[in-house]
Amino acid sequence: MISIDIPGCHVLNLEHLVLDFNGTLAVDGKLLDGIALRIAQLADKLDIHVMTGNTYGDARTQLRTCRTEVICLPPDGQAEAKRDYVLRIGAEHVAAIGNGRNDALMLEHAALGIAVLGTEGLARETLGAADLVVRHAVDALGLILFPKRLIASLRR
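Sequence positions in the sequence shown follow my numbering and run 127 to 282.
Printed below as a string of structure tokens:
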């Protein structure tokens with residue numbers, strides 16, 4: 127667990143990290159540089175779940191060395207499936223990171239929602255649902271790994 131006290135807001139007690147794959151951790155189906163290292167650094171503290179539509183068909187292969195649970199979703203109802211998963215594992219203990227339209231509900235319901243404005247862009251709905259926006263998934267994971275960065279952005 128990672129506990130983060132955000133002055134003027136609340137205490138986050140994070141147990142789970144739920145991640146989108148394509149557009150967030152990967153571009154064109156290939157894991158971005160630095161992601162595997164950040165996941166390894168966080169895996170001792172959080173249960174890490176990757177939810178993906180698996181557009182390129184190789185999410186499991188790309189993540190084979192990472193301590194993550196990979197959940198491949200059917201084409202329809204992905205936004206609702208991601209939201210329902212976050213609710214099922216306990217949204218109040220979840221940090222979620224994504225960029226696509228199908229990530230908006232997941233970010234909205236998670237205790238901490240971080241949107242990534244990367245190579246594939248950032249859906250308007252997801253931007254509105256996020257607590258914070260970063261330019262790269264390595265930065266998003268770094269906010270959780272180094273909580274003072276997160277505190278600096280979210281304190282009142």
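Beta carbons are placed, not taken as given, at the ideal position from N, Cα and C, and that holds for glycine.
Everything numeric in this text was worked out from a predicted model, so none of it was measured.
Classify residue i as buried or exposed, calling it buried when 16 or more other Cβ atoms lie within 10 Å of its own Cβ.
i      : result
Ala278 : exposed
Ala166 : exposed
Leu163 : exposed
Arg209 : buried
Thr194 : buried
Taking 6 Å as the cut-off, is the CB of residue i close to at least one heavy atom of the ligand COA?
i      : result
Leu145 : Judged by which ligands are present, the structure shown has none, so any question about the ligand COA falls away.
Measuring only the C-alpha atoms, how far is residue i from residue j?
i      : j      : result
Thr178 : Ala237 : 20 Å
Val137 : Arg282 : 13 Å
Pro201 : Asn180 : 9 Å
Val196 : Arg275 : 27 Å
Ala217 : Asp131 : 17 Å
Asn148 : Gly226 : 9 Å
Leu151 : Leu143 : 13 Å
Val264 : Tyr211 : 23 Å
Gln188 : Val153 : 11 Å
Arg214 : Thr245 : 30 Å
Report, in whole angstroms, the separation of the C-beta atoms of residue i and residue j, which I expect to be a contact under 8 Å.
i      : j      : result
Val259 : Leu243 : 6 Å
Leu145 : Val176 : 5 Å
Ile107 : Pro273 : Outside the modelled stretch of the chain, which goes from 127 to 282, sits residue 107, for which no answer is possible.
Let me check understanding here. Comparing Cα to Cα, which of the options lies closest to residue i?
i      : options                   : result
His266 : Ile240, Leu253 and Ala230 : Checking the sequence shown, residue 266 turns out to be Ala, not His. Looking at the Cα atoms, Ile240 is the closest of the given residues.
His219 : Asp131, Thr191 and Leu140 : Leu140
Glu206 : His262, Arg193 and Leu231 : Leu231
Cys135 : Gly247, Leu271 and Asp257 : Asp257
Arg186 : Gly155, Leu213 and Leu280 : Gly155
Thr252 : Thr191, Asn228 and Leu199 : Asn228
Ala255 : Ile223, Leu189 and Arg193 : Ile223
Tyr182 : His262, Ile161 and Leu199 : Leu199
Asp159 : His262, Lys171 and Ala169 : His262
Asp170 : Gln188, Asp184 and Cys192 : Cys192
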